[in-house]
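Structure first, commentary second.
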Amino acid sequence: MDLGKLIQERIRDIPDYPKAGVMFKDITPLLADHVAFAGVVDTIVNHHGRGTIDKIVGIEARGFILAAPVAYHFGAGFVPVRKKGKLPAATHGETYDLEYGTETIEIHADALEPGDRVLIVDDVLATGGTARAAAELVRRGGGDVAGLSVLLELSFLNGRDKLGNLDVHSLVTV
């Protein structure tokens, strides 16, 4: 079966979550399907090529689920980007707008080494605010952003427009 079709079949829409007017993309059925989940991880790794990435940044919370096995397969470190106040050591923070409010995300100040090639991994690219903020945190931490890989891109929200020349790899675009 075509991976793109399998991904689309395994993502369900949840209307009005977490707020009225938002169509939430629930990836838990995809995660429960070992073929779909493995296909997603393998495709991200194959797209960028083993040995080309030093660190994988996963964005809270569903990005963690995808980023950790990607880091393992790359032989790279995993770095969490979390909501403000969730990391225990000194952090860099970035505030951004999302489709239903504002948020601040943080990365440990010592998570990256200067010149680390960093791939950012998340589940959905929507308005681009979270991805832009994560890329800024990587740069502030001394890393070079090699790209962004996402499971699903909601193209009608024009998230790529906020990302400049960042290499964006989407497994499925709707």
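First residue of the sequence shown: 5, per our numbering; consecutive thereafter.
Note that beta-carbon positions come from the ideal geometry of N, C-alpha and C, so glycine has one too.
Here the structure is a predicted model, which is why all the values come from computation and not from measurement.
* To do: Indicate the three-state DSSP secondary structure (helix, strand or coil) for Tyr76 in the structure shown.
  => Reduced to three states, the DSSP call for Tyr76 is helix.
* In chain order, what residues of the same chain have a beta carbon less than 7 Å from the beta carbon of Lys29, not counting five sequence neighbours either side? -> Result list for Lys29: Ile15, Asp17, Val128, Leu156, in chain order.
* Answer with buried or exposed for Asp20, where buried requires no fewer than 16 other C-beta atoms within 10 angstroms of its C-beta. => Classification for Asp20: exposed.
* Asked: Is it the case that the CB of Ala113 approaches a heavy atom of the ligand FMN more closely than 6 Å?
  -> Judged by which ligands are present, the structure shown has none, so any question about the ligand FMN falls away.
* Alpha carbon to alpha carbon, what distance is there between Lys88 and His173? -> The alpha-carbon of His173 is positioned some 27 Å away from that of Lys88.
* So, using beta-carbon positions, are Thr131 and Leu161 closer together than 7 Å? -> It is a contact, given that the beta carbons lie within the stated cut-off.
* Which residues in the same chain have their Cβ closer than 7 Å to the Cβ of Pro118, if we skip the five residues on either side of it in sequence? -> Same-chain partners within the cutoff: Gly146.
* Asked: Where does the unbroken alpha helix (DSSP H) through Phe41 begin, and where does it stop?
  -> Counted as a single uninterrupted DSSP element, the alpha helix (DSSP H) harbouring Phe41 occupies residues 38 to 52.
* Asked: Taking all protein chains shown into account, do 16 or more other C-beta atoms lie within 10 angstroms of the C-beta of Glu110, making it buried, or fewer, making it exposed?
  -> So Glu110 ends up on the buried side.
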